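>
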DNA sequence: TAATAGAATCGAAGCGTTTCGATAATACGG
DNA sequence: CCGTATTATCGAAACGCTTCGATTCTATTA
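Chains as they are written, first to last, in the numbering used here: chain A, 15 to 404; chain B, 15 to 404.
#1: With a threshold of 7 Å on Cβ separation, who are the neighbours of residue 287(A) within its own chain once the five nearest residues in sequence on each side are excluded?
#2: Does residue 76(B) get closer than 8 Å to chain A when you measure Cβ to Cβ?
#3: Leaving aside the five residues before and after residue 298(B) along the sequence, list all residues of the same chain whose C-beta is less than 7 Å from its C-beta, in chain order.
#4: Within the chosen definition, does the region 294-308 of chain B reach the region 145-164 of chain B through at least 3 CB pairs nearer than 8 Å?
#5: Quick one: does the C-beta of residue 339(B) sit closer than 7 Å to a heavy atom of the ligand MG?
#6: Can you name the residues of chain A whose CB is closer than 8 Å to the CB of residue 320(B)?
#7: Compile a chain-ordered list of the residues in the region 76-105 of chain A whose CB is closer than 9 Å to at least one CB of chain B.
#8: Take the Cβ of residue 376(A) as the centre, count every other Cβ of all protein chains shown within 10 Å, and call the residue buried at 16 or more, exposed below.
#9: DSSP three-state label for residue 78(B), please.
#10: Is residue 175(A) helix, strand or coil when you go by DSSP?
#11: Residues in the same chain with beta-carbon distance under 6 Å from residue 175(B), minus the five sequence neighbours each way, listed in chain order, please.
#12: Helix, strand or coil: which one does DSSP assign to residue 183(A)?
#13: Use the C-beta contact count for residue 361(A): other C-beta atoms within 10 angstroms, 16 or more gives buried, fewer gives exposed.
#14: Between the region 316-332 of chain B and the region 101-113 of chain B, do at least 3 Cβ pairs fall closer than 8 Å?
#15: Can you list, in chain order, the residues of its chain whose CB lies under 7 Å from that of residue 95(B), leaving out five sequence neighbours each side?
#16: Report the rounded CA-to-CA distance for residue 160(B) versus residue 73(A), giving the unit in angstroms.
#17: Identify every residue that forms a DSSP beta bridge with residue 143(B).
#18: Using a Cβ-Cβ cutoff of less than 8 Å, which residues in the same chain neighbour residue 319(A) once the five nearest sequence positions on both sides are dropped?
#19: Can you tell me whether residue 335(A) is buried or exposed? The criterion is at least 16 other CB atoms within 10 Å of its CB, across all chains shown.
#20: Using 8 Å as the cut-off, can you tell me whether the region 266-282 of chain A makes contact with the region 239-252 of chain A, which would need three or more C-beta pairs spanning the two stretches below that distance?
#21: For residue 133(A), decide whether its Cβ has a neighbour in chain B, counting only Cβ atoms nearer than 8 Å.
#22: Of all the alpha helix (DSSP H) runs that stay within the bounds of the region 244-306 of chain B, which reach a length of 4 or more residues?
#23: Please confirm if residue 112(A) has its CB atom under 8 Å from at least one CB of chain B.
#24: Does any CB atom of chain A fall closer than 8 Å to the CB of residue 407(B)?
#25: Whole angstroms are fine: how far does the CA of residue 179(B) sit from the CA of residue 371(B)?
#26: In this structure, does DSSP put residue 419(B) in helix, strand or coil?
#27: Give a yes or no on whether 8 Å exceeds the smallest Cβ distance from residue 194(A) to chain B.
#28: Rounded to the nearest angstrom, what separates residue 191(A) and residue 230(A) at their Cα positions?
#29: Suppose you measure from the CA of residue 53(A) to the CA of residue 19(A); what does that come to, to the nearest Å?
#30: Run through chain A and tell me which residues come within less than 7 Å of residue 147(B), C-beta to C-beta.
#31: For residue 397(B), which residues from the same chain have a beta carbon less than 8 Å from its beta carbon, with the 5 sequence-adjacent residues on both sides left out?
#32: Using alpha carbons as the reference points, say which of 209(B), 205(B) and 228(B) lies closest to residue 240(B).
And the structure:
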């Protein structure tokens, strides 16, 4: 009786057997309401809480999910994966699961760098977030655990994944610019190696064509080395060199969009008056650029949630159908696109939700809507505030 | 024999008893070298790995450490706590421990928001990082688990903590400015509520006096509402209003330093020529300000490491002496202080290590030194790069 | 050489659950 | 009113490890 009470104490005090108490704990059926109540009362009275390791041992389930991130992803300034993790963690609580976060180098090297939770059978499923070495994916697959990727996907591996609705986002951008009167739209893609960038690019092309807008080869730059500010800057330069110029630029991510803006300013062009610019990702830096960046917001936390739910499905129902889940995106209108309000004269917030799932299969948990309150829109708070004292 | 091998399989194959194998696993003494070798061979051959929950159940230790963070701390753009967590996680691996990261609201509210790992006896110790509601600290204390605070401290609670060497850092700043020829040094502190800010302030005063430099009340502004950019801006304004002006400003954190610079620029003053500015914390934004900020770098990951080691000590040796551990800091010289090189004509890197522990008790793990390679110093890479495509 | 101490190994109990097959209690249809 | 199906509860084994006290073996000492 010293230390915390155990299930045995509960059983004794309730005048029932261990197994019955266990049935109540696990919310199994075939327990009379009366018994259930009695057990719950005793549990409350004693302050009993089942012990993790004992459960794990008996049930063959650890109650943990492994969350794998490359270290560079985790420590980058933009808290993108941090938010995804948070979404996963919050959702995991509902299932009474823990999330074991571990970081790895980009590619598998030494044996002792392998996430121990795999070796110790300490997780019931694994989530991998972000671009990671294929060797890792292959390695982890061998453990035959439920596995879900977030914000990454490898076509030839047949894995479930949660990705943002890149195609939908690109469509939103083109349509917004189009409705704002632009017909000559350029694209800055950096390099197309990253699956998300490629998708945005393809959808850009498709949407342009679908809207009857012509593509000018000189306005589409997808040959840079990377997808950073510098690459956007260089790509913009090339576009400015073309004889005819577009009136708007869709950059495949915010970093490159910032590079575009920088280049335009240096060239003495005014954004958005001489050239409109729209990005993708809604990173913080987009708020500090002048003019502030119109972009596509991604529901980061929701991505983490969706992945966790998917994993739980796989764990509980052995549901191993491969799914691609699209996380919703939305347009965030700021000043860099030069399009003040919606054509109908709508007010703030200038956000349009785009429901994905245009060709992929079922999209779980879409449109909770409430989250859009998080999104910074239009007006207010111009000051740059990187961090107060912690 | 299906599924993973267990300790039983190892014992059988090695022709030894369970207990002997267990002794080897736990690196206990009183095992002959021959036996040890044989066991290890079999383990290797079978690919055996002890199972977590079974261990936990038998040993009464979960093998987990709880890491508590308030949600705002975790998701802020500056990856300060993220890095601390990473340090903890990496160090935990050495002890074969897992770190369970959970976030909480600033103050305790609903019961079901309590970190489950406490209730489920799923951690052997707890680390709390950053400023957090006292109610949380009090609540967690009741579980009688080893507890360490990082980057926060509450004098009246007698708790072990790991904090950066605020006093040492402030001293470095004053000395650097002094050696650079400044004698009229102002201080911008925002408000002194935060323990770290208060320490920096006190140490600033002490060092000034120790160096025989006089303090001018008009140059010391510690009455703002917060410690953000805006507060630095306002404080700077007041200082500029004084009849006599200082030639250098020490802002108690980088955010306020940035505010100071902004104000100075707007007033038509040039930094560092008309006024030198130095900050504290080495946040990323300090690299993107013009001129780039001279500041005090804090070894974030090391703070996490130190805390984990301390916790492990407490777990293993029941060593419950209360300790305050100081994490080392170093001066990072960039352009905002206007002091090009060290007086001896030293070259890059412009970093001076300051060993803390000036009055606090033992400081664990100081001066590993290797980490200073992480620190951005002096030259190179001017471009602002918030985030490439992930 | 007998007595003793120490080192190496072993057996068995125990950790706190879940789960499966058995049993007891209740309801139902004919 | 009895046999059967269904529901509620129970007992005991099992999960994979640690640990403690007991046992065996070897070396040391008087």
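In this text, a Cβ means the ideal position worked out from N, Cα and C, and glycines have one as well. Since we're looking at a predicted model, the values are computed, not measured.
Concretely, from the data shown:
#1: For the purposes of this step, residue 287(A) is taken as the residue at position 273 of the first chain. Answer for residue 287(A): 352, listed in chain order.
#2: Within the second chain, numbered from 1, the residue matching residue 76(B) stands at position 62. Closer than 8 Å to some Cβ of chain A, the Cβ of residue 76(B) qualifies, so yes.
#3: For the purposes of this step, residue 298(B) is taken as the residue at position 284 of the second chain. The answer, listed in chain order, is 92.
#4: Contact between the region 294-308 of chain B and the region 145-164 of chain B is absent, with fewer than three C-beta pairs closer than 8 Å.
#5: Looking for the ligand MG in the displayed structure turns up nothing, as the structure carries no ligands at all.
#6: Numbered from 1 along the second chain, position 306 holds the residue referred to as residue 320(B). Simply none; closest approach about 17 Å.
#7: Here the close residues are 76, 77, 78, 85, 87, 88, 89, 90, 91, 92, 93, 94, 95, 96, 97, 99, 100, 103 and 104.
#8: Taking the first residue of the first chain as position 1, residue 376(A) is located at position 362. A caution first: residue 376(A) carries a pLDDT of 30, below 50, which makes its placement in the model too unreliable to give a value.
#9: For the purposes of this step, residue 78(B) is taken as residue 64 along the second chain, with counting starting at 1. Strand.
#10: Here the question's residue 175(A) lines up with position 161 in the first chain. Note: residue 175(A) maps to strand in three-state DSSP.
#11: On the second chain, position 161 is the one that residue 175(B) refers to. Hits under 6 Å: 163, 167 and 338.
#12: Start at 1 with the first residue of the first chain, and residue 183(A) comes out as number 169. DSSP places residue 183(A) in helix when its eight states are reduced to three.
#13: As a first step, residue 361(A) must be located in the first chain, where it is residue number 347. With a pLDDT of only 37 at residue 361(A), under 50, the local geometry of the prediction cannot be trusted, and the value read off the model is given with reservation. Classification for residue 361(A): exposed.
#14: Yes, since at least three Cβ pairs between the region 316-332 of chain B and the region 101-113 of chain B fall closer than 8 Å, the two stretches touch.
#15: Mapped onto the second chain, residue 95(B) falls at position 81. Same-chain partners within the cutoff: 83, 87, 88, 143 and 144.
#16: Position 146 of the second chain, counting from 1, holds the residue named residue 160(B). Position 59 of the first chain, counting from 1, holds the residue named residue 73(A). In this structure, the alpha-carbon of residue 160(B) lies about 29 Å from that of residue 73(A).
#17: What you label residue 143(B) is simply residue 129 of the second chain in a count that begins at 1. Beta-bridge pairing by DSSP links residue 143(B) to 83(B) and 164(B).
#18: Within the first chain, numbered from 1, the residue matching residue 319(A) stands at position 305. Contacts found: 101, 102, 104, 105 and 379.
#19: For the purposes of this step, residue 335(A) is taken as residue 321 along the first chain, with counting starting at 1. Result: exposed.
#20: Yes: the two stretches touch, three or more of their Cβ pairs being nearer than 8 Å.
#21: Here residue 133(A) refers to the residue found at position 119 when the first chain is read from its first residue. Yes, residue 133(A) counts as interfacial toward chain B.
#22: Runs found: 268-280 and 299-302.
#23: Translated into the one-based positions of the first chain, residue 112(A) becomes position 98. Yes, residue 112(A) counts as interfacial toward chain B.
#24: With chain B covering 15 to 404 only, the question about residue 407(B) has no answer from this structure.
#25: Here residue 371(B) refers to the residue found at position 357 when the second chain is read from its first residue. Here residue 179(B) refers to the residue found at position 165 when the second chain is read from its first residue. In this prediction, residue 371(B) has a pLDDT of 34, which is less than 50 and means its spatial position is unreliable; what the coordinates show is noted afterwards. Approximately 8 Å, taken between the alpha carbons.
#26: Here chain B has residues from 15 to 404 only, and residue 419(B) is not among them.
#27: Locating residue 194(A) in the first chain gives position 180, where the first residue counts as 1. It does not: the Cβ of residue 194(A) has no partner Cβ on chain B nearer than 8 Å.
#28: For the purposes of this step, residue 191(A) is identified with residue 177 of the first chain, where counting begins at 1. For the purposes of this step, residue 230(A) is identified with residue 216 of the first chain, where counting begins at 1. Approximately 16 Å between the Cα atoms of the pair.
#29: Counting from 1 along the first chain, the entry for residue 53(A) is found at position 39. Counting from 1 along the first chain, the entry for residue 19(A) is found at position 5. One C-alpha to the other measures close to 14 Å.
#30: As a working mapping, residue 147(B) is identified with position 133 in the second chain. One finds nothing in chain A with a Cβ atom closer than 7 Å to the Cβ of residue 147(B); even the nearest lies about 15 Å away.
#31: Position 383 of the second chain, counted from the start, is the residue given in the question as residue 397(B). Low confidence applies here, because residue 397(B) scores a pLDDT of 38, under 50, leaving its location unreliable; read the following figure in that light. Closer than 8 Å at Cβ, skipping near neighbours: no residue.
#32: Locating residue 240(B) in the second chain gives position 226, where the first residue counts as 1. For the residues 209(B), 205(B) and 228(B), the minimum Cα distance to residue 240(B) belongs to 205(B).
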